[in-house]
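Trainee: Residue numbers (the working numbering), protein chains in the order written: chain W, 44 to 364; chain D, 31 to 179.
Ideal placement from N, C-alpha and C gives every residue a C-beta, glycine not left out.
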Amino acid sequence: MAKPKLALYWAASCGGCEIAVLDIHEKILDVAAAFDIVFWPVALDFKYDDVRAMEDKSIDLCLFNGAIRNSENEEIAQMLRRKSKTLVAFGSCAFEGGIPGLANLTTKDEILNFVYKESPSTVSNNGGTFPQVHTTTADGCLEIPELWNTVKALDQVVDVEYYIPGCPPQPEQIAAVIGLIMSGGPLPPAGSVVGAGEKTCCDECARARKEKRIKQFHRPWEIFADPKECLLDQGIVCMGPATRSGCGALCTAANVPCRGCYGPPPNVEDQGAKMVSALASVIDAHEPEEIDRILDQIADPLGTFYRFSLAHSILRRVEKP
Amino acid sequence: MAFEPKIIGFLCNWCSYTGADLAGVSRIKSAPNVRVIRTMCSGRVDPSFILKAFKLGADGVIVMGCHLGDCHYQEGNYKTIRRIPFLKRLVEGFGIDPRRLRLEWVSASEGDRFAKVVNEMTEEIRALGPLKLSVHQESEHMAVHAEGY
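#1: Just verifying my parser: in three-state terms, what is the DSSP assignment at W/Leu230?
#2: Give the DSSP-derived three-state secondary structure of D/Ile126 in the structure shown.
#3: So with Cβ pairs under 8 Å, would you call D/Val136 a contact of chain W?
#4: Inspect the beta-carbon positions of W/Gly134 and W/Pro211 and report whether they are closer than 8 Å.
#5: Among D/Val165, D/Ile114, D/Gly90, D/Leu117, which one has its Cα closest to the Cα of D/Arg65?
#6: Can you pull the DSSP bridge partners for W/Ser127?
#7: Could you give the distance in angstroms between the alpha-carbon of W/Asn298 and the alpha-carbon of W/Glu215?
#8: Within its chain, find whatever has a CB closer than 8 Å to the CB of W/Val319; leave out the 5 residues flanking it on each side and keep chain order.
#9: In whole angstroms, what separates the C-alpha of W/Pro163 from that of W/Phe157?
#10: Evaluate contact between the stretch 103–120 of chain W and the stretch 175–193 of chain W, counting only Cβ atoms and requiring at least three cross-stretch pairs below 8 Å.
#11: May I ask which residues mark the beginning and end of the alpha helix (DSSP H) holding D/Cys42?
#12: Going by DSSP, what residue range makes up the beta strand (DSSP E) through W/Pro65?
#13: W/Pro331 versus chain D: which residues are under 8 Å apart at the beta carbon?
#14: Please state whether DSSP places D/Asn149 in a helix, a strand or coil.
#15: Closest Cβ-Cβ distance between D/Gly228 and chain W: below 8 Å?
#16: If you scan the stretch 73–122 of chain W from start to end, which runs of the alpha helix (DSSP H) of 4 or more residues do you find wholly inside it?
#17: When burial is assigned at 16 or more other CB atoms within 10 Å of the CB, is W/Val311 buried or exposed?
#18: Given 7 Å as the limit, tell me if W/Ala86 has its C-beta closer than that to any heavy atom belonging to the ligand GTP.
#19: Which runs of the alpha helix (DSSP H), 4 residues or longer, sit entirely within the stretch 38–83 of chain D?
#20: Can you have a look at W/His177 and say buried or exposed, based on whether 16 or more other CB atoms are within 10 angstroms of its CB?
#21: Looking only at DSSP bridge pairs, what is W/Glu272 linked to?
#22: Pull the bridge partners of D/Val91 from the DSSP assignment, please.
#23: Verify the CB distance criterion: does D/Lys82 have a CB-CB separation below 8 Å to chain W?
#24: Here's a check: name, in chain order, each residue in its chain whose Cβ is nearer than 6 Å to the Cβ of W/Pro47, leaving out the five neighbours to either side.
#25: Got a sec? Which residues, its chain only, sit under 8 Å from W/Val85 by beta carbon, not counting five neighbours each side?
#26: Please confirm whether W/Pro308 has its beta-carbon closer than 8 Å to some beta-carbon of chain D.
#27: DSSP state of W/Tyr52, grouped into three classes?
#28: Whose CA, out of D/Glu34, D/Trp44, D/Thr69, D/Lys59, lies closest to the CA of D/His102?
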């Protein structure tokens with residue numbers, strides 16, 4: 044019997060998800076034995092035309108990482124959707140926009156202006172060169188993908204069967220999901236988040252929690268945090284209460300507050316709104332002036348609460364006049 | 031057609047909703063621009079409800095609860111008094127004028143006050159004009175923007 048076909052793709056991503064796949068160590072050999080890998084740009088020399096030539100629905104499983112940020116990302120997302128039976132949004136960027144989604148705090152014009160004109164390291168762009176989609180040369184017209192104003196998650200451009208959160212997804216979670224698929228066992232309903240828990244990050248965190256009463260927030264470098272006590276109890280903004288479990292609370296074990304990469308917990312649509320709700324409940328103040336003083340101590344709430352989920356949040360992007 | 035602000039009002043069951051009812055039975059005239067949603071407590075209003083209201087076409091959102099100390103659940107409105115100013119900061123970060131989100135205390139006996147804050151808010155939003163968000167163009171639930179709603 045022919046082996047099932049597997050494809051992996053990276054759109055707007057850093058490559059960390061690809062490393063995470065390899066981090067399943069020797070189990071990658073089981074994957075290679077069980078699947079025919081038909082497309083994996085980072086590791087194998089297949090071309091887009093090879094995929095184009097495949098029959099529709101001929102790829103059994105496609106793990107798609109990275110956000111949709113330009114015309115090439117969307118074109119390949121739509122092509123892989125046509126060719127794949129099961130399309131998985133793999134990692135925070137494909138799931139909810141991820142770090143590239145923070146571009147939705149600004150605009151395409153502002154980004155290009157900064158990079159090509161205003162950045163202190165831009166010293167020799169006197170001719171005012173900006174990237175062009177089409178460039179005419181002596182040998183013909185060259186085309187590069189067009190950058191978009193708004194970054195999107197994968198399911199904002201095509202239908203997606205499953206989501207595997209994480210920046211990157213943890214190797215043991217990846218191995219478990221691939222193992223489940225290889226075993227032929229019953230799969231969860233389409234639309235499910237797989238390779239993650241059903242509670243919040245706090246549920247996996249080993250730190251001791253008490254009733255929270257916060258009068259003062261600190262940046263992590265401002266205090267010596269107690270290594271055994273809840274970071275939020277100590278006034279360090281930790282995304283644990285508004286983040287899905289599944290990572291094993293690795294960051295807080297290393298004295299770093301949760302950054303929220305596993306996305307919102309089950310039944311929560313907007314991670315930032317949930318974080319506002321969680322923090323507002325534990326701030327120990329009743330007077331408006333005192334509340335304002337404490338809120339002033341939270342640096343960059345938008346970038347902190349939506350670090351990975353801005354593109355997939357309710358409002359999706361910042362409005363610029 | 032002249033701009034008529036669409037305002038979503040989240041009113042607590044015990045004070046503000048009763049206050050709105052009193053305004054009605056007392057025949058106090060007030061702007062008809064607030065669409066009221068009754069919640070058990072102003073503390074029940076999850077910030078995501080408010081963001082969603084903006085996404086679905088509200089030009090403003092007003093949350094009304096019992097005066098401090100009068101909460102039916104002892105301290106639900108103390109959560110609100112921290113949550114709404116916090117959310118105003120977030121909303122401003124998204125590029126939405128924070129005046130589009132308002133918190134007011136209205137007791138069950140303050141029908142006149144209900145009418146006053148509704149009129150004030152309506153005029154403020156009228157002056158600010160319609161809220162335009164890029165998410166409106168992509169949203170699949172734009173029924174509230176339909177003509178004549």
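Mentor: Quick answer:
#1: coil
#2: coil
#3: no
#4: yes
#5: D/Gly90
#6: W/Ile102
#7: 22 Å
#8: Pro344, Phe348
#9: 9 Å
#10: yes
#11: Note, D/Cys42: premise wrong, no alpha helix (DSSP H); beta strand (DSSP E) at 37–42.
#12: Rather than Pro, the amino acid found at residue 65 of chain W in this sequence is Leu. Segment 59–65 is the alpha helix (DSSP H) holding W/Leu65; no beta strand (DSSP E) there.
#13: Ile111, Pro115
#14: helix
#15: Because chain D in this structure spans residues 31 to 179, residue 228 of chain D falls outside the shown range and cannot be described.
#16: 91–95
#17: buried
#18: Absent from the structure shown: the ligand GTP. Ligands present: none.
#19: 46–55
#20: exposed
#21: W/Ala251
#22: D/Ile38, D/Leu131
#23: yes
#24: Phe78, Asp103
#25: Leu51, Trp53, Gly58, Glu61
#26: no
#27: strand
#28: D/Trp44
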